[in-house]
Amino acid sequence: MKSIYDDIIKFMKEYFQAYSEKGQVKETQHVMDKFYAPDLAFDDGVITSREQWYKACLSHPAIQDKITLEHLFVDEKQKEAGALVKTQAIERASGKVLLEIKMNVLYSLKVDKNKDIKITSVKVFLESNPQKAARLMQVYGMKM
Numbered sequence: 196m197k198s199i200y201d202d203i204i205k206f207m208k209e210y211f212q213a214y215s216e217k218g219q220v221k222e223t224q225h226v227m228d229k230f231y232a233p234d235l236a237f238d239d240g241v242i243t244s245r246e247q248w249y250k251a252c253l254s255h256p257a258i259q260d261k262i263t264l265e266h267l268f269v270d271e272k273q274k275e276a277g278a279l280v281k282t283q284a285i286e287r288a289s290g291k292v293l294l295e296i297k298m299n300v301l302y303s304l305k306v307d308k309n310k311d312i313k314i315t316s317v318k319v320f321l322e323s324n325p326q327k328a329a330r331l332m333q334v335y336g337m338k339m
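Sequential numbering of the sequence shown, starting at 196, is according to this note's numbering.
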């Protein structure tokens, strides 16, 4: 069996850049189809499809999320990738960083019928700082 370790590393590195630059803009969001399976789900149970995720990504037009990969690990056998990332919420109009938070994210992957890697599920673990969590809710207009 051929190893896909290097393919997963390349895929994930491309993913973070694509999400940060194109995944939150309606005109370019379709680029993310390369990365997400149609049945994409998040562990919170709120997002249960790629289309729901796309709507959520467009729900804060004044803010751009920028994700910077700090560390990546891959479990080829289980088809999982884990990432320590720095996420910045940036005000589009001014370029001001409104919030910076670290997250650990676990991605479940699959190889589809076209032999393309796709993200099927996402589990997000936020930095354990109550002030940053409260600020996150405030910046994105979410209710606690």
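All C-beta atoms, glycine included, are put in the ideal place defined by N, C-alpha and C.
Check, Outcome
"Under DSSP, the beta strand (DSSP E) around residue 316 begins and ends at which residues?", "312-321"
"Pick helix, strand or coil for residue 209, following the three-state DSSP scheme.", "helix"
"Within the continuous alpha helix (DSSP H) that includes residue 227, where are the two ends?", "Residue 227 -> no alpha helix (DSSP H), and no H or E assigned at all."
"Can the beta-carbon of residue 317 be found less than 8 Å from the beta-carbon of residue 298?", "no"
"Looking only at DSSP bridge pairs, what is residue 285 linked to?", "259, 292"
"Kindly identify the DSSP beta-bridge partner or partners of residue 300.", "278, 319"
"Measuring CA to CA, which of 290, 248, 230 is closest to residue 238?", "248"
"Quick check on residue 197: does DSSP put it in helix, strand or coil?", "coil"
"Considering only the alpha carbon of each residue, which of 277, 334, 307 lies closest to residue 343?", "This structure gives no information on residue 343, because the portion of the chain shown stretches from 196 to 339."
"Compute the Euclidean distance between the alpha carbons of residue 236 and residue 242, then round it to the nearest angstrom.", "5 Å"
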